[in-house]
Every structure is written in C-alpha cells, then in structure tokens.
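Undergrad:
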Amino acid sequence: MKHTITAAQASLLNCHSCDLLCNAPTADNHLLATCPRCGATLHTRKPNSIARTWALVITAYILYIPANLLPVMTVTSVGKVQSDTIISGVIYLLLSGMWPLAMLVFFASVVVPLAKLFILSYLLFSVQRKSRWRPRDRTRLYRITEAVGRWSMVDIYVVTILVALVKLGALATIEAGSGAVFFAAVVVVTMFAAMAFDPRLIWDRLEDQP
Amino acid sequence: MTLKPELPMSGEHIPRATIQQKSRISIVWLIPVVAVIIGAFLAYKAISEQGPTITITFKSAEGLQAGKTKIKYKDVEMGTVTSIELAPDLSHVLVTASLVHGTERFLKEKTRFWMVTARVAAGEVSGLGTLLSGAYIGMDPVLEGDRSREFTGLEIPPAITTNEPGGQYLLRSTSLGSLDIGSPVYYRKFRVGQVVSQELDSDGNEVNIKIFVHAAFQHLIRQNTRFWNAGGIDVKVGTDGLQVNTESLVSLLIGGIAFDTPSNLEAGTVAQEGQSFPLFASKDKAFEKTYVEVGYWLLYFNDSVRGLKPGAPVEFRGIQMGKVVDVKLEMDLDNADIRIPVLIEIERERLVPQEQLASLGERGTDITKVLVQKGLRAQLQSANLLTGQLKVELDFFPNAPAAEISTHGSYRVFPTVPAPLDEITTSITQVLQKLEKLPLEQIGKDLQATIQNAEKLTGSPELLESIRSLKVALAELEQTTISLNQNVTPSLQDTLLQSQKTLKAAETVFQNASPLEQQLGELLKEMQAASRSIRGFADYLERHPEALLKGK
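Heads up: the protein sequence lines correspond to chains A and B, in order. Residue numbers for the first sequence follow our numbering, beginning at 2 and rising by one. Residue numbers for the second sequence follow our numbering, beginning at 19 and rising by one.
#1: Nearest chain B C-beta to Pro238(A) closer than 9 Å, yes or no?
#2: Just curious, the beta strand (DSSP E) that Gly382(B) is in, first and last residue?
#3: Would you mind working out which of Asp278(B), Ala396(B) and Leu495(B) sits nearest Ser300(B), comparing C-alpha positions?
#4: For Gly40(A), which option in Asp20(A), Arg46(A) and Ala186(A) has the closest C-alpha, if you only look at C-alpha atoms?
#5: Within 10 angstroms of the Cβ of Met2(A), are there 16 or more other Cβ atoms? Answer buried if so, exposed if not.
#6: What in chain B is Cβ-close to Ile63(A), meaning under 7 Å?
#7: Would you please state the rounded distance, in angstroms, between the beta carbons of Ile155(B) and Ile74(B)? I believe it to be under 8 Å.
#8: With a threshold of 6 Å on Cβ separation, who are the neighbours of Ala186(A) within its own chain once the five nearest residues in sequence on each side are excluded?
#9: Could you check what DSSP says for Asp156(A) in three-state terms: helix, strand or coil?
#10: Using 8 Å for Cβ pairs, my map puts Val390(B) next to Leu317(B). What's the rounded Cβ distance?
#11: Tell me the residue span of the beta strand (DSSP E) that contains Lys77(B).
#12: Is Glu365(B) helix, strand or coil when you go by DSSP?
#13: Quick one: any contact between the segment 109 to 123 of chain B and the segment 97 to 111 of chain A, if contact means 3 or more CB pairs under 8 Å?
#14: If you run the structure through DSSP and keep just helix, strand and coil, what is Ser501(B)?
#15: Helix, strand or coil: how does DSSP classify Leu260(B) here?
#16: Using only the alpha-carbon positions, how far apart do Arg430(B) and Phe295(B) sit?
#17: For Leu189(B), which of Gly273(B), Arg395(B) and Arg244(B) has the nearest alpha-carbon?
#18: With a Cβ-Cβ cutoff of 9 Å, do Ser281(B) and Ile227(B) count as a contact?
#19: Which one of Lys346(B), Leu559(B), Pro419(B) and Ala330(B) has the shortest CA to CA distance from Asn402(B)?
#20: Starting from Lys568(B), trace the beta strand (DSSP E) in both directions and tell me its first and last residue.
#21: For the segment 443 to 461 of chain B and the segment 328 to 343 of chain B, state whether three or more C-beta atom pairs, one from each stretch, are separated by less than 8 Å.
#22: Measuring only the C-alpha atoms, how far is Asp321(B) from Lys392(B)?
#23: Report the residue from Ile72(B), Arg366(B), Trp47(B) and Glu67(B) whose alpha carbon sits nearest the alpha carbon of Arg49(A).
#24: Which full runs of the beta strand (DSSP E) of 3+ residues lie inside the segment 32 to 73 of chain A, going along the chain?
#25: Using DSSP's beta-bridge definition, name the partner residues of Ala173(A).
#26: For Ala248(B) and Thr87(B), I'd like the C-alpha separation in whole angstroms.
#27: Name the chain A residues that come within less than 7 Å of Ser78(B), Cβ to Cβ?
#28: How about the segment 464 to 471 of chain B and the segment 420 to 434 of chain B: do they share at least three Cβ pairs that are nearer than 8 Å?
#29: Which stretch, first to last residue, makes up the alpha helix (DSSP H) that contains Ser97(A)?
#30: Can you tell which of Val213(B), Leu510(B) and Asp221(B) has the C-alpha that lies nearest to the C-alpha of Gly274(B)?
#31: If you measure between the beta carbons of Leu82(B) and Ile56(B), is that distance less than 9 Å?
#32: How many Å lie between Ala523(B) and Gln546(B) at the Cα?
#33: Just the C-alpha distance for Arg137(A) and Ile162(A), rounded to the nearest angstrom, thanks.
#34: Name, please, each residue of chain B whose Cβ falls closer than 9 Å to the Cβ of Cys23(A).
#35: Using only alpha-carbon positions, find the residue among Gly325(B), Leu351(B), Phe415(B) and Ala396(B) that is nearest to Val332(B).
#36: Under 9 Å between C-beta atoms, does Leu194(B) make it to chain A?
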C-alpha cells in the first residue's frame, strides 16, 4: 500500500456540523475538541466508537432473548387463541408446507439479526486486537451489515399491517405480542450499533505500524 | 471526512480547536444497562408470576390440546394445559396445567375441574362457544380446605358452583325416575333450585339425589317438608272428571322435583343443610298420612301366596292397617319343611293415637294376646279378582283353632287361618279324591249282572210255581193260626199266670244287685250301642246310598 499522509497525521479534522476544517493540536482522548465556529464537538474518528458499538451490540444480544421467547403475534380466530413466537411461527409455516415463506421469515428474522450481531462482534474484536487481516473484506462485511439491517424489520412490518388489517371482531383478531417490541428493539439497536462503528478503525491499525 | 494530502501540515489560517476535559465513562453504557434491567425485570416477572402447576385426572382428553386448552372460571382465564399424558395403567389421562399467579389460594381439596364442551341437557344448551374454540376446562375455586395440587376431573359439569349461595339437601328414592343433573326443583311451580348429583347408595337399594336450593328459598324447607317427583304428567279420571297435573313443560321433558310443607301439620323447624328427605313418587303419595310407629309381624301361610307382593295392603275389615313388607321362602331345617314367611308392618298409630302409644309399653303385647284369644287371625284374601292380587286381611274368627303368638328370630309370629276359598277347595278336593277311588266300572258290571239274573228269575216258570205253592202254604198257615187261637190260647193264659207267679218268686230269690240284673244292665247297654251304630249306619246309608252296592 502506498504510504499517504492522513488528516489525522496532519492534526487536521473537519467539523461534522458545519464542515469547517480545523487544526486539532492534541489527539488526547481525555480532552474534548469543539468547533470554533459552531461549537460542535470535534473528533477525528467517531467518538468512543468501540465502546458504543459494544454497548449497543450487548444490548441487542440481551434484547434478543425476550424477542424470541415472547410471542410476536397473537391470532384469535373463531374463538381459538394462538400465540406464536418467531421460531414457533417458522415451525408452523414449515409444517403447513409453506416452506419458501418459512425460509424467508427464518432468514429475515433469525439469520439476519444474528449475522449482523456476529459480524459486528467480530469487527470489534478484530479492531481491538489490532488485526491486520484482510481489511478490505472486513470493510465490505461492514457495508453489507449496514445495508441489510433495515430488512430485518420485515417481520415487524408484517405484524403491524396484519394488526391493522385483521380486525374482524369475534371472528378473527390479530394482536402484536410483546416479543415484537423486543424484536424491533433488537433491529433498531443493531442498526445503531452498525452506525456507531467506525470502519476507519479497521484501517487505522494498518497505519499504526506501517 | 476526505483526506487532503496537499494541504499544508499546519497553517496560521486554520483555526485551533478548543480543548476540554472529557468524561471518563461513556454514557452509551447506559443502554445495555437499561436492556439488562428490562430483561431482568421480565425474567423476574415471569418467574414471580409463575403460578402453581396442577395435575387433573380425566377419563379422556377429548378436545384438550396441550398448550392451547385454557382453564377458566367464569370465563376468566386461570391457566393453560401444558401437557397431556396417559396414566401408566392406561386407565385415564393426566392433564398437567400451569395456572396463573395468585390462583394458589383457590386450589383446595374441594376445588373441582371439569371439561366444558357443548352440552344439550337439562333443558338448556350450554357451552356453544366451545364448538368453535374447542373445549376448555372449567374450574370451581374453593377458598376453604386443605391445599391440593392433584385433582380428579368431573365427567359431568357441576350444576352449581361452590360459592353460589344456597344449600344442598339429600333426597332418597327407590328410583331415579326421569331426573337428571340440572332437573329443576319447584316450590309451588316456582323454580327454586336444581338437582346437582345422583348416585346409587353403597348397597344399591336407594338412589341418593342431591338437590341445590337457592339461599332465598332455603327457609321453605322444613323438617316435615315433603318432596315428590314432579316429572311427567299426572292424569286422573275420577268422579269429578278428568284431572291433568304437571309441574311445567320443562319437568315434563326432563323430570323435576317439587316440595311443599303440609299445612295440616304444624310447620317444623327449618331443615339443616344436607338433611335427607324421602322422595315420594307423586304428590298424593307425599301427602298421604304417614305413620312412623310401625310394628312388624311375621305370618306363615300354608296357602299359595301367588299375587301377594311387598306393598300389598294389610286390612282390617276393609280399612288399611299396614302393608306387606316382604314375602320370602324359608327352609325349616329342623322339620324339613318349606314355609313362606310374610313380613307385614302394622301402622300402630292407626289403632292407638301416638300420644298413648308411647305410654302403652308392654301392655300392647298383652292386648294383642287377648285379641288373638278372641280369634283375631290373619288370612290371605283376594284383593283383585282380575289380577289375582292378594291382600292380608285381619279379622276375628271365633271358630278358629286356638293359637298363640310365637316368636321367630326377632319377629313375632301372628297366627293365621287358611283362606276361605282355600277351605272350600280343600274339602272339594277330598270328595273328588274319594270319588276317584270308587270302582265305578266294577259296580256297573255287577249291577248289570244282578239285573240280568233278576230278569231271568222273574221270567222263569219255577217262580210261578213257587208263588202258587206259597199261596197254598199261606192258606194252610191261616188255618193253623185259627186252630191255635182256639185251642192253644186259653192254656197259654194259664201258663202265663203260672209263670208270673214263678217270676215273683224268682225276684225274691235274686234280690237286688244280683248277677242277673247286672247282666241285664250290660245287655241293655249293648243294645244301646247297637242301636246307635244302626242309626249311624242308617245315616251313612242315607248319605251314601251307593254304599249298599259297594260297601263302605
């Protein structure tokens, strides 16, 4: 890799709010730089990125437990009450022979959120361990994570639409379960975690020891 | 942020950032802390709201689904069936259910569970909702009693839940009739309760029917209240026309019980809950004067008791005094005899007022003895000529052979006389038997032969000859008599005079108490006896003229 000078090495950074290019004399983590023009906090990298991402990832892991244990949807149809969690819904679809739908739900609701969390955890580990291993691929992983995140919300959209549509009184009613709230929280927190992660950290390590 | 390597390393024209002290711990860690708190709270809630787990035994798990079937009380969800298993001996089903938090205090020994399915019974349709939603398990919570976690499910839903105000009473009946659980209980055609359970008692003699009466009507049930089976229609044709009685259309279909307190008796005290009453077959039966004081007697009849059934009346000249309780067959092992003991009960109150009865004591037995001495006997009589039913009739038979009251086991045995019809039948049978023994054919033959002989005799010339010579002989005899009169009579007179003298002399010789006189006395007696037997013979002949031909 051709060695180039970075803004950080030149003690330069620009304000995120007003895009003013400033000269940041110290890179001391315990000191806070503010923009002389708009007063916004200045930082060379997303501030406290690793800690924030970790916090959000851990939060997502915790919320993932109730999201899968609590029922997502309660269907009351002609007197029969059926509460389903995500997994029991997938099993129900599979047993009903609707395996493409089952695969879709399983992919969107189980695989994607978990994959995102695992990828973020791996990226955090690799950054903390100052890994120099295939930074380009790791950055691509991060981009995929960020891009695919919103699609996990498919489940929540389905539940929301069904709850709104199926209001047939005694015949059939669908209610969102508390599991849906937690699942939405998992998706949202994971998205925040992805946003809090600064992919430049992957490359920083390469510059530390050229 | 775009890197601009061409930019000068530092310059006077680039403003300097303000430097401040940074806080040590990032606020971002609050987020997982909050998540942990929420998770912990959920976990705590789930654990703390974990209700008790109970096991209910059912005969069948029809309509139950693990994880779906609910346990409800008044349509409030109390729990969910978690698993359904077969008992190890395959005889029943074990249903495990986890109840919601706070139901522990309702789970007592007497808490009942039953399956709620659509039911059409006892005049009402219930549980229609379960047709769509599937069966659920009903629960009747009980607050008092010992804690329990294992229950036996009822096969039939209880008609009354425990905490419904009211009381239960027991009715004993010989037959269930058309009663079913839920059958109504009426008081003056007012529905005041219903039948809650029915079962045979342990020895199978009676049906125990439990009824529930709502609290508002409990005061109507008194010690002397009469209950009767009000199901069906009561149709009576009497001198006053046709009478149709029914309690209600519902009771017509599903049976019912009615009760009332007789107004002629003073109202008794209000009955205790759970008190037992007899259930009469009809209103009339219920209000028949009942007699509590009964005496039991055993009767031994030699006649056939065909048509004598338990319940047959015991009458005294047409007035009922009691009834037949039992008719049995008994082997007398000592005398190798088979007897028919008939147990009757005599309602003593019919004879003596109740007040006096108590003070009677031993005198009662003495009085009965005197009555028996006067000829009071029991007799089987026909009660109904068409059906051949019998009744026991008590009456005075002064000519009956003397009898005494004996005892057999714990019962006193009352003397009996054979039935009047029986007496006649017996003597007729005897006569017939004798007639049967008569050699009628032989007699006929003999008689025929005799007549033939007689015919021969009368037609024979010898007889004519004999008659002629007899005529001659008679004429001669006449002549002889005449000569006797003329010649012998005078001398005979002399002889008699002479003998008179002799006898007088003899009288003096023999004196009184002489052996001759004694012999004479004996002779006279003999003659008397002979004349008596002749008379008897004559009588017999008169009655049995055929004896002349055939012999006695």
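Note that the Cβ used here is the ideal one computed from N, Cα and C, for glycine as well.
TA: In brief:
#1: Past the boundaries of the shown model lies residue 238(A); chain A is included only from 2 to 211, so the question cannot be answered.
#2: Gly382(B) -> not in any beta strand (DSSP E); alpha helix (DSSP H) instead, spanning Arg381 to Gln391.
#3: Asp278(B)
#4: Asp20(A)
#5: In this prediction, Met2(A) has a pLDDT of 47, which is less than 50 and means its spatial position is unreliable; nothing more can be read from the coordinates.
#6: Pro50, Ala53, Val54 and Gly57
#7: 7 Å
#8: Leu64
#9: helix
#10: Not quite, the Cβ-Cβ distance comes to about 13 Å (not below 8 Å), so this is no contact.
#11: Per DSSP, Lys77(B) belongs to no beta strand (DSSP E) and is neither H nor E.
#12: strand
#13: As far as the Cβ criterion goes, the segment 109 to 123 of chain B does not touch the segment 97 to 111 of chain A, which means the pair count is below three.
#14: In the three-state scheme derived from DSSP, where H, G and I count as helix and E and B as strand, Ser501(B) is classed as helix.
#15: strand
#16: 30 Å
#17: Arg244(B)
#18: no
#19: Ala330(B)
#20: Taken as a continuous stretch (DSSP letters only), Lys568(B) belongs to no beta strand (DSSP E), being part of the alpha helix (DSSP H) at Ala565 to Lys568.
#21: no
#22: 23 Å
#23: A small fix is needed here, since residue 49(A) is Asn in this sequence, not Arg. Asn49(A) has its Cα closest to that of Trp47(B), out of Ile72(B), Arg366(B), Trp47(B) and Glu67(B).
#24: 32 to 35
#25: In the DSSP output, where bridge partners are listed per residue, Ala173(A) has Ser78(A).
#26: Rounded to the nearest angstrom, the two C-alpha atoms are 40 Å apart.
#27: Simply none; closest approach about 21 Å.
#28: Because the criterion of three Cβ pairs below 8 Å is not met, the segment 464 to 471 of chain B and the segment 420 to 434 of chain B do not touch.
#29: It is not in any alpha helix (DSSP H) - Ser97(A) carries neither H nor E in the DSSP assignment.
#30: Val213(B)
#31: no
#32: 29 Å
#33: 40 Å
#34: Ile32, Pro33, Arg34 and Ala35
#35: Ala396(B)
#36: Cβ-Cβ to chain A under 9 Å: no for Leu194(B).
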